[in-house]
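Undergrad: Take 1 as the starting number for the sequence shown in full-length UniProt numbering and just add one per residue. Ideal Cβ placement from N, Cα and C applies to all residues, glycine included. As the structure is a prediction and not an experimental result, all values here were calculated from the model. Provided herewith is a single structure, encoded as structure tokens, for subsequent inquiry.
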Amino acid sequence: MRGGLGTSNPRARLLDGPDWDAVEEDVPAGLSLDMPVEQRLAEPVRGLDTGWKQLVERLEEAGPAAKASIEAAGDGRVKPNVDKLGALGEPKSLTRLRGRIEKMLPKIDLPDLLFEVNAWTGFLDAFVHLGDGTTRMKGLPTSMVALLVSKACNIGLAPVVNPAHEALTRARLVHVDQYYQRADTIAAANAALIAAQADVPIVQFWGEGLLASVDGPRFQVPVRTINAAPSSKYFGFKPGITRLNAVNDQVAGIGQMVVPGTPRDSPDILDALLNLDGGVKPCGHVDHRDRGCSHSLRNDSIPRTNEFRPMADRLPRLMLTVC
1 MRGGLGTSNP RARLLDGPDW DAVEEDVPAG LSLDMPVEQR LAEPVRGLDT
51 GWKQLVERLE EAGPAAKASI EAAGDGRVKP NVDKLGALGE PKSLTRLRGR
101 IEKMLPKIDL PDLLFEVNAW TGFLDAFVHL GDGTTRMKGL PTSMVALLVS
151 KACNIGLAPV VNPAHEALTR ARLVHVDQYY QRADTIAAAN AALIAAQADV
201 PIVQFWGEGL LASVDGPRFQ VPVRTINAAP SSKYFGFKPG ITRLNAVNDQ
251 VAGIGQMVVP GTPRDSPDIL DALLNLDGGV KPCGHVDHRD RGCSHSLRND
301 SIPRTNEFRP MADRLPRLML TVC
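In structure tokens form, the structure reads like this:
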């Protein structure tokens, strides 16, 4: 289908002629592709061929117990066929472990939990006034906690409004929402939580914060907004967004980004990693797997990608889908 996203020919939108001649040297250099195409593809082709042969051999060894087979179609092509797997029973050890964990969890309301975390970290101090950065407002932490619960649970203001409490009146909450809760103050508050998480003793056994994973769900947006875009594959003719989240190996959310629609994630993943809320900059290994594609950034390559980010914006969209 001409102009379609899922059924169009990707090669029809590649650069050609003078357009390609203008960037022929810059694009391979930016992607570190300095060898002939045949030589570049030789190793992946050998690896793919070896992998298929190993798969066929192992399926033959396993026999019917493999619950999978390779079927040949009439046109000479082959396709894998995987049987539906049955559910495994839950082991008694897992049941006992779940029971022990439930008994260890404190019985506490969500607002009280936020107040306690603020006592440890002081993250609510990051929410400063838009004007001069200071405030003489009484009960501001109470108003902030009410707004955080309202937005995090997607319940609106009505359940947290209390006209009898000065810090919980609707006028107060609307004022605090407009002048205190902003993208920069939320990022600063998250930075305080990231730093506090890194200081927990057991976290040091999980990692040093140098490994990050970026992924996120896709949402359909029912209202009109410039932050959403259509995607025929996921939303039909309706608009939607992709929300990318970066989590490090210390189990801390170090950054997030809202992307209109469902474009190829690779450039936006780089943006998310280059604009973190706080914590150590990941530099060990970053993987993102989407439809079988794996993107790896090692050592000091993440900071260097900032140099090539503008070039990625100028490339055609489908040139960024190469894995």
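(1) Say whether the region 187-201 touches the region 116-127, bearing in mind that this needs 3 or more beta-carbon pairs closer than 8 Å, one atom from each stretch.
(2) Determine the DSSP secondary structure at valine 27, reduced to helix, strand or coil.
(3) Can you list, in chain order, the residues of its chain whose CB lies under 8 Å from that of isoleucine 70, leaving out five sequence neighbours each side?
(4) In terms of residues, what are the limits of the beta strand (DSSP E) holding arginine 218?
(5) Is the CB-CB distance between aspartate 249 and glycine 207 below 8 Å?
(6) Count the other CB atoms within 10 Å of the CB of leucine 148; is the residue buried (16 or more) or exposed (fewer)?
(7) Alpha carbon to alpha carbon, how far is glycine 255 from alanine 187? Give it in angstroms, no decimals.
(8) When DSSP builds the beta bridges, which residues end up paired with glutamate 71?
(9) Buried or exposed, going by whether 16 or more other CB atoms sit within 10 Å of the CB of valine 160?
(10) Based on Cα-Cα distance, which residue from Val214, Pro222, Arg218, Gly240 lies nearest to alanine 252?
(11) Run through DSSP, which three-state label would serine 150 get?
(12) When you compare only the Cα positions, how much space is there between arginine 46 and tryptophan 52?
(13) Near tyrosine 179, what residues of its chain come up, given a Cβ to Cβ distance below 8 Å and the 5 sequence neighbours on each side ignored?
(14) Strictly by DSSP, which residues pair up with leucine 244?
(15) Use the C-beta contact count for leucine 113: other C-beta atoms within 10 angstroms, 16 or more gives buried, fewer gives exposed.
(16) Out of curiosity, what's the CA-to-CA distance linking proline 91 and methionine 104?
(17) Hey, how far is the Cα of serine 231 from the Cα of alanine 119?
TA: Looking at the coordinates:
(1) Touching, per the Cβ criterion.
(2) Residue mapping note: residue 27 aligns to position 27 of the sequence shown, counting from 1. Residue state, collapsed to three classes: helix.
(3) Within the sequence shown, residue 70 is the residue found at index 70, counting from 1. Contacts found: Leu55, Val56, Leu59, Val78, Lys79, Pro80, Asn81.
(4) Your numbering for residue 218 matches position 218 in the sequence shown. Segment 218-220, the beta strand (DSSP E) holding arginine 218.
(5) Numbered from 1 along the sequence shown, position 249 holds the residue referred to as residue 249. Numbered from 1 along the sequence shown, position 207 holds the residue referred to as residue 207. The answer is yes: Cβ separation under 8 Å.
(6) One-based indexing of the sequence shown puts residue 148 at position 148. Leucine 148 comes out buried.
(7) Position 187 of the sequence shown, counting from 1, holds the residue named residue 187. Position 255 of the sequence shown, counting from 1, holds the residue named residue 255. Taking the straight line from one Cα to the other gives about 8 Å.
(8) One-based indexing of the sequence shown puts residue 71 at position 71. In the DSSP secondary-structure assignment, glutamate 71 is bridged to Lys79.
(9) Working through the sequence shown from its first residue, we reach residue 160 at position 160. Here valine 160 is buried, its C-beta having at least 16 other C-beta atoms within 10 Å.
(10) Translated into positions along the sequence shown, residue 252 becomes position 252. The residue with the shortest Cα to Cα distance from alanine 252 is Val214.
(11) On the sequence shown, residue 150 is found 150 positions in, with the first residue counted as 1. In this structure, serine 150 counts as helix in the three-state DSSP scheme.
(12) Position 46 of the sequence shown holds residue 46. Position 52 of the sequence shown holds residue 52. Spanning the two alpha carbons is a distance of roughly 10 Å.
(13) Position 179 of the sequence shown, counted from the first residue, corresponds to residue 179. Closer than 8 Å at Cβ, skipping near neighbours: His129, Leu130, Gly131.
(14) Counted from its first residue, the sequence shown places residue 244 at position 244. DSSP lists Met257 as partners of leucine 244.
(15) By one-based count along the sequence shown, residue 113 stands at place 113. An exposed status is given to leucine 113, since fewer than 16 other beta-carbon atoms sit within 10 Å of its beta-carbon.
(16) For this step, residue 91 is matched to residue 91 along the sequence shown. For this step, residue 104 is matched to residue 104 along the sequence shown. Roughly 21 Å separates the two Cα atoms.
(17) For the purposes of this step, residue 231 is identified with residue 231 of the sequence shown, where counting begins at 1. For the purposes of this step, residue 119 is identified with residue 119 of the sequence shown, where counting begins at 1. Going from the Cα of serine 231 to the Cα of alanine 119 covers about 44 Å.
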